[in-house]
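Participant: Going by our numbering, the residue at position 43 of the sequence shown is 48; the numbering climbs one at a time, nothing skipped. No residue lacks a Cβ here, since even glycine has one placed at the ideal position from N, Cα and C. Below is a structure I'd like to ask you about.
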Amino acid sequence: MAAHQGWYAAVNGLFGHLKKFKVDYRVIPWTTFIDPEVARVGINEYEAKQQGIDYEVTRFDFAELDRAITDSATEGFIKVITPKGKDKILGVTVVSEHAGDLIAEFVLAMKHGLGLNKILGTIHSYPTWAEGNKYAAGEWKRNHAPATVLRWLEKYHTWRRG
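See the structure below:
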């Protein structure tokens, strides 16, 4: 954050007489470098309740991530707060090794209004820790699968197979 603010201070010092630039404080991540790391951006469940937001929580546990298994570091999770039924990211908490690195994709998504469907549609290298972000988005998608459409597709493919 200090580097971000410093950039604005320098640019405004040089060009402020022509145009002033304001720091965007809407999406500010933080990381606590302990073991495991804890990183967060946006709101958490408590803050969503305080603000009267009808929200839902999607959670992905690193015990399911191949890279975490390979590194023997399966403790931890990604928790995403979204408005009920929508993929808009209101907040994310990551508790794991590399949490400070993993939060960056969510910061980018929140800053530019990209939802979980966009993260799910992004190709991630395999096997990497960053895949955890995609898998968290996949959990959200699974929880919002259109049951009626899936039933019709199942009937259609059963009919096609004869």
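So, for A68: in the same chain, excluding its five sequence neighbours on each side, which residues have a beta-carbon less than 7 Å away from its beta-carbon?
Facilitator: Reading the sequence shown from its first residue, position 63 is the one you call residue 68. Here the set comprises T79.
Participant: How far does the alpha helix (DSSP H) with F20 in it reach, from first residue to last?
Facilitator: Here residue 20 refers to the residue found at position 15 of the sequence shown. Its alpha helix (DSSP H) spans residues 7-20.
Participant: Based on the DSSP secondary-structure assignment, which residues constitute the bridge partners of K116?
Facilitator: Working through the sequence shown from its first residue, we reach residue 116 at position 111. In the DSSP output, where bridge partners are listed per residue, K116 has none listed.
Participant: Quick one: residues in its chain with C-beta nearer than 7 Å to the C-beta of P41, no 5 flanking neighbours on either side, listed in chain order?
Facilitator: Position 36 of the sequence shown, counting from 1, holds the residue named residue 41. Closer than 7 Å at the Cβ level, and outside the excluded window around P41, lie E80, G81, V100, S101, E102, A104.
Participant: Apart from the five residues on each side of it in sequence, which residues of its chain come closer than 7 Å, Cβ to Cβ, to K93?
Facilitator: To locate residue 93, count along the sequence shown from 1; it is residue 88. Cβ neighbours of K93 beyond the five flanking positions: T87, G120.
Participant: Can you tell me whether DSSP reads W134 as helix, strand or coil?
Facilitator: Here the question's residue 134 lines up with position 129 in the sequence shown. In this structure, W134 counts as coil in the three-state DSSP scheme.
Participant: According to DSSP, what are the bridge partners of W164?
Facilitator: By 1-based counting over the sequence shown, the position of residue 164 is 159. Answer is none; W164 lacks a bridge partner.
Participant: Could you tell me the alpha carbon to alpha carbon distance between Y60 and H22, rounded to whole angstroms?
Facilitator: Along the sequence shown, read from residue 1 onward, the residue named residue 60 stands at position 55. Along the sequence shown, read from residue 1 onward, the residue named residue 22 stands at position 17. Each residue's Cα considered, the two are about 44 Å apart.
Participant: In chain order, what residues of the same chain lie with their CB nearer than 6 Å to the CB of A142, ignoring the 5 residues before and after it?
Facilitator: Sequence index remark: in the sequence shown, residue 142 carries index 137 (1-based). L121, I124, L125.
Participant: Identify the continuous beta strand (DSSP E) that holds D71 and give its terminal residues.
Facilitator: Stepping through the sequence shown from its first residue, residue 71 is reached at position 66. Premise fails: D71 lies in the alpha helix (DSSP H), 71-75, not in any beta strand (DSSP E).
Participant: Quick one: give me the first and last residue of the beta strand (DSSP E) that E42 is part of.
Facilitator: Translated into positions along the sequence shown, residue 42 becomes position 37. Start and end: 42-47.
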